[in-house]
Amino acid sequence: MENNLAKNYSPKEFEDRLYKAWEESGAFHAEIDKTKKPFTILMPPPNITGQLHMGHALDQTLQDALTRYKRMQGFCTLWLPGTDHASIATEVKVVDKLKKETGLGKEDIGREAFLERAWAWKEEFGGRIKNQVRKMGSSCDWERERFTMDEGCSNAVKKHFINLYNKGLIYRGNRLINWCPVCGSALSDIEVEHVDKQGKYWYFRYPGVDGGEGITVATSRPETMFADTAIAVNPSDERYKDMVGKKVILPLVGREIPIIADEYPDPEKGTGAVKITPSADPNDFEVGQRHNLDKPVAIDEHAKMTAICGKYQGMDRYECRKAWVADLDAAGYLVKTEDMTIPTGECYRCHNVVEPRISDQWFVKMKPLAEPAIETVRKGECAFVPERFDKTYFHWMEDIKDWCISRQLWWGHRIPAYYCEECGEMIVAEDTPAVCPKCGCTHFKQDEDALDTWFSSALWPFSTLGWPKDTEELKYFYPTSVLVTGYDIIFFWVARMVFSSMEVMGEKPFDHVLIHGLVRDAQGRKMSKSLGNGIDPLEMIDVYGADALRFMLLFGNAPGNDMRFSTEKIEAARNFANKLWNASRFVIMNLKEEDGSFKPMATAETAKLAAEDKWMFSVINDAIGDITSNMDKFELGLAEAKIYELIWNYFCDWYIELTKSRLYNGDEETKMSVRYSLVTCLKNLLKLLHPFMPFITEEIWSFLPADEGAAKFLMLESWPEYKAEKLFADDVAAIETAIGIIKAIRNIRSKAEAAPSKKLHAVILADAGYKASALAAEDHIKTQANVSEVSYIDSKDQVPGEAMSDAMPGVEIYVPLDDLMDYKAEYERLLSEKKRLEGEVSRIEGKLSNQGFVAKAPEKIVNAEREKLVGYKDQLEKTLARIPVVEAKLK
RNA sequence: GGGCGGUUAGCUCAGCUGGUUAGAGCGCCUCCGUCACAUGGAGGAGGCCGUAGGUUCGAGUCCUAUACCGCCCACCA
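When we follow my numbering, the leftmost residue of the first sequence carries the number 228, and every step to the right adds one.
Structure representation (C-alpha cells):
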C-alpha cells in the first residue's frame, strides 16, 4: 500500500476494489442474530427490462444510507435485493427482439420456446442491472437475492391466489376491462393513463322507426356505433318523454334500437340523449346490464372492425372512423361537429390508446382487502414519510375498484386454474388435478393467462422471507422497517403490498414508507427515453465517482419532493470529496514516517489537548447529536448538509489550520497529542459521512492507524456516540472568540486593502466576560490573521489614534494601519454599522417595551433579548464615539 | 370536477414542533499561485420568504382568502 493518499481524489482507483472487498468479506450479509434488533429494508426490485436510471440511483442511495447507518448502530441489518420479472414490459421487449432476429411473432414459436427466450433475457439483463446496483455501492445482501419468478416467489403467488380464491376474494368474470390492442392484454385501471387529446364530437341523427325525426346524439367515437344497442335519455327529461319506448334506426346499418330511460344521461350535457354501446364504454356497460341489452362487439382485440361492421370489417378503428363519418355525412345523418378535448386512456407501457373490451378475466375483490389496509395506516402502524402521502393512499384505497389481475401474456405467473377438457369444470389448484370431480375425466387445460406483474410484487415483503413457509427469517425480519420508493408507485405497489400483507400476515409490511420524488433534468422536465434527456448514472459515476453522485442526490432535498439533476451539483459534491481527500492526506502526512510506519501518537489518556482540540471535539459532538436525530427522522438531506459543513467549514477551514503551529513548531509530546486529536476527529467525521459516501470514507479509513479491536472495515464500525453533557465550555469559548477576532482582522485587512503579506498589529478590547478567551486567542490570532503583535487594552481611551476597527459580541478589535489606512472605507463602514446597530436597538427596545412580550414570552427569551440590547447599545456607543475621530482624518 | 404540492438571494433548493441579525450550493465582485487541497484559500455584494387579510408578545413557519406553476385522481356522451 502506498504511504499516503494520492494527490488527487480519483474514485475509479478504489470504488470497485472496495465493493469487491466488502462483498467478498460477507460484510453485506445479514445472519439472524437474536441478540440484536433487526433492521430490514426490501429493495424495490428493478425491472429486468432496463438499466439503472437516476430514479433508481436516488432510491438506492437512500436505502443504502439508511442501511449503513443502522448497521453502524448495531442493528442486524438486512437489505434484501432482487429483481422483478415485469411481465408486460419484458414480454414486449422479448417479442420485439424475437421479431428483429427471426421475423417471427410469439405465436409462431409457441409458449415454450418463447419462455425460453424470456428466461435468457432475464439472465442477461437481470445480471446487468445487478452490477449497476453494485456500482452505486449498495450494501445489500446478495446472498439473499430474490427474483419475483423464482421458485419461492412463484409458490407464494400460487398459494396466495388459491387462498384468495377459496375465500371468494378472487373471482372470474365477464366484464368490460381496459384492453391494450398493441400489448394484446387486459390492463388494470391504474395501468391506464388519462390524457386529454384534441378530438371532436360528432352529432348524428338516428331517425325514428316511425319515419319521424328521431333523436340526435353526440359521440367522440363514431366507429363504436355499429355496436350500439340503445339510446338512453334521462326519465326526467321533458324533451324526450314521449320518445321513451320507441325505436330509432341505426343510420346506414339499419338495425332498430330502443330509446330507454335511465338515470345515467345528464340532460344538461350534449343533446341529453346518449348512444349506448355496452361493449365499448364502462357506463354504457352498466346501462346495458340494467336494461338487459345485448353486447355486440364492433372492435376486436387488434383494434380492427368486426364482422358486424359490414363493409368496414377488418379496417383499423381510426381508418374506419374516417370512412364511416364521411359516409354518414354523405347520407345526411351528420348534424354537426364540434372540436373538443377528449379524455383518452393510454396504456402505461406502450402509450397506445386503450379500448374497453368485454372479456373473461380474473379479478380481486378489493373492498374487504382494503379495509384492514386503511386501518393500519390510519392507526399510524405503517407511516408515510412525509405524512401527506397518506392522503393519496387513503383517497385511492377508500374508493377502490376490483382489480383485474389476468393478463393475456406468457411471461409471468400462470394462473393456477385448470379446466376439464370434457365438461369445462374449473378447478383452482397448485398443480394439475388428476381427476375432474364433476365428470371424472383426466384431461385438463391450464388457464392461458398470466398474472399482473404487481400481483407477485405485492407479496414481496413476505415472499422474499420465505412465506408460505414459516421460516426463521420471516419471524425475525418481518415486518420490515422501511420501504423506500417514489410517489409514482404508491398505488401500483405500496398499497398492494399493504393490503396483501394485512391479508396474508395479518400485520403491516413495514413501519415506514419513505417516499422520494422524481429526479428531473436541469430544466425540470421528467427524464424520459422519448425526450432523450435522461442522464445515465453510470456515466456520472465514471466521471465523478459513485460517492459524488450519491451525495448530490440527497443534498438539500426534502423527502417527497422532486429534484433537478445538474452537473454543477455533482461537481460540487465531487469537490467536497476532493476536499475531504486532501484534508485526510494532510492528516496522514503528519502521521507517517518516510517508510510508511506510524509516528508515535498519544492516546486518549496521555494526550494533552489544546483548546482547539477540545473545541473540535465539542463541535463534532454537537454534530453527532444533530445528524443522528436527522437520520432517525429520515431527514437525510439535512444530515448531509450538516456533515458537509462540519467537514469543510469547521474541520478544514479552522481546525486543521489551528493545529498547524503546534504540528510544525511543537515539541514531540505536543505533536503526539495533535496527531491523536487529528486522527480521532477525522475518524469520527469519516464515520458520520460513511452512510453517504461509503467509498471515499472507507478508502481513507484504510490509511489511518487501526484502533485495538477495530472492525475489518469502516462500514462495520460503530456509529459515533453523542454525549449530552457540554464539555470544555471555556475552551470552546476561547476558540469561538479567536475565530471571531481573526475574522474581524481579516475583514479589516480586506477593507483597508492591505496586502495579505503585511504583518499587522492587533489591539483587543475585551469585556470582562471575554477577557480570558481573548487572551487565550493570542497565538491563533498571530498565525491565522498574520499579526505580529497583539496588545490588550482595558478601555477605549487606550485605542491607538489611527486604527480601523471591527467588533464581535464582547470584543472590539482595532488595527492601527498608519499608512495603509483607508479612512473613507472605515468611515463608511462605521456609518453602516451605526445604522445597523440603531436598527437592532430600536427593534429590541420595541420588543421589550411591549408589555405583552415581557409578560407572555418565556423568561429565557426575554432575558436573552435584554442582554442583546445591552450588547448592542454598548457597541453603538463605541461606534458613535469613533465616527468623529475617523471623520477628522478624512479632512 | 375533486385532491395534493410549489411560489424564500441571479439560478437550484434547505429551513423540524412559530422565538438570535432567514441559510446552503452554484453564479457574481475584490484579493491570493503559499509548504493538505486552484476540484483551492481570504473577504464581500445580493432576499419586505407570491399577494391580501387574520391569530399571536412574536409568523417564512399557524389560519382564511386569492393569483400563478406543477402533479395525482375522476365513467362525462
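Where a beta carbon is used, it is the ideal one built from N, C-alpha and C, also for glycine.
In chain order, what residues of the same chain lie with their CB nearer than 8 angstroms to the CB of residue i, ignoring the 5 residues before and after it?
{"i": "C668", "result": "C647, E648, E649, C650, V662"}
{"i": "Y1099", "result": "L1064, E1067, V1068, I1071"}
{"i": "E948", "result": "I851"}
Mapping DSSP to helix, strand and coil, what is residue i?
{"i": "R902", "result": "helix"}
{"i": "G309", "result": "strand"}
{"i": "T897", "result": "helix"}
{"i": "M376", "result": "coil"}
{"i": "P1085", "result": "coil"}
{"i": "L1058", "result": "helix"}
{"i": "G572", "result": "strand"}
{"i": "F241", "result": "coil"}
{"i": "K606", "result": "coil"}
{"i": "L678", "result": "strand"}
{"i": "A829", "result": "coil"}
{"i": "M767", "result": "helix"}
{"i": "P1111", "result": "helix"}
What residue range does the alpha helix (DSSP H) around residue i cover?
{"i": "Y428", "result": "Segment 419-433 is the beta strand (DSSP E) holding Y428; no alpha helix (DSSP H) there."}
{"i": "C650", "result": "Element bounds for C650: n/a, residue is neither H nor E."}
{"i": "A868", "result": "863-872"}
{"i": "M843", "result": "838-859"}
{"i": "M816", "result": "794-818"}
Assuming residue i and residue j make a contact with CB atoms under 8 angstroms, what is their CB distance in whole Å?
{"i": "F590", "j": "W630", "result": "6 angstroms"}
{"i": "A454", "j": "V501", "result": "Their Cβ separation, rounded to whole angstroms, is 14 angstroms, which puts A454 and V501 out of contact at 8 angstroms."}
{"i": "G863", "j": "L279", "result": "Per the sequence presented here, residue 863 reads as Leu, with Gly not at that position. Not quite, the Cβ-Cβ distance comes to about 20 angstroms (not below 8 angstroms), so this is no contact."}
{"i": "L873", "j": "A838", "result": "With 8 angstroms as the limit, L873 and A838 do not qualify as a contact, their Cβ atoms being about 19 angstroms apart."}
{"i": "G639", "j": "S314", "result": "4 angstroms"}
{"i": "A810", "j": "F782", "result": "A810 to F782, Cβ: 19 angstroms. No contact."}
{"i": "E1060", "j": "T1106", "result": "5 angstroms"}
Apart from the five residues just before and just after residue i, which ones in its own chain have a Cβ nearer than 7 angstroms to its Cβ?
{"i": "E657", "result": "K385, I389, P643"}
{"i": "N382", "result": "P695"}
{"i": "M724", "result": "A685, W687, P688, P736"}
{"i": "A826", "result": "The question names Ala, yet the displayed sequence has Lys at residue 826. Contacts found: L818, K819, E820, R902."}
{"i": "R973", "result": "A1012"}
{"i": "W881", "result": "I966"}
{"i": "P660", "result": "Y645, I654, F671"}
{"i": "L776", "result": "A284, P764, M767, I768, I797"}
{"i": "M624", "result": "A597, A600, I601, A722"}
With 16 as the cutoff for other CB atoms within 10 Å, does residue i come out buried or exposed?
{"i": "K549", "result": "exposed"}
{"i": "C666", "result": "exposed"}
{"i": "Y891", "result": "exposed"}
{"i": "P449", "result": "buried"}
{"i": "Y236", "result": "buried"}
{"i": "I1088", "result": "exposed"}
{"i": "P983", "result": "exposed"}
{"i": "A971", "result": "buried"}
{"i": "L758", "result": "exposed"}
{"i": "Y705", "result": "buried"}
{"i": "P408", "result": "buried"}
{"i": "Y545", "result": "exposed"}
{"i": "G282", "result": "buried"}
{"i": "V846", "result": "buried"}
{"i": "Q359", "result": "buried"}
If I follow the unbroken beta strand (DSSP E) through residue i, where does it start and stop?
{"i": "F737", "result": "737-743"}
{"i": "R584", "result": "582-591"}
{"i": "V711", "result": "707-713"}
{"i": "A459", "result": "457-460"}
{"i": "L992", "result": "987-993"}
{"i": "N405", "result": "397-407"}
{"i": "L269", "result": "265-269"}
{"i": "I642", "result": "Looking at the DSSP string, I642 is not in any beta strand (DSSP E), and its letter there is neither H nor E."}
Once you ignore the five residues that flank residue i on each side, which residues in its own chain have a CB closer than 6 angstroms to its CB?
{"i": "N405", "result": "L414, V419, V581"}
{"i": "Y1041", "result": "V990, V1026, A1030, S1032"}
{"i": "L710", "result": "F737, V740"}
Report yes if the C-beta of residue i is less than 6 angstroms from at least one heavy atom of the ligand HEM; otherwise report no.
{"i": "E614", "result": "In the structure shown, the ligand HEM is absent, as is every other ligand, since no ligand is present at all."}
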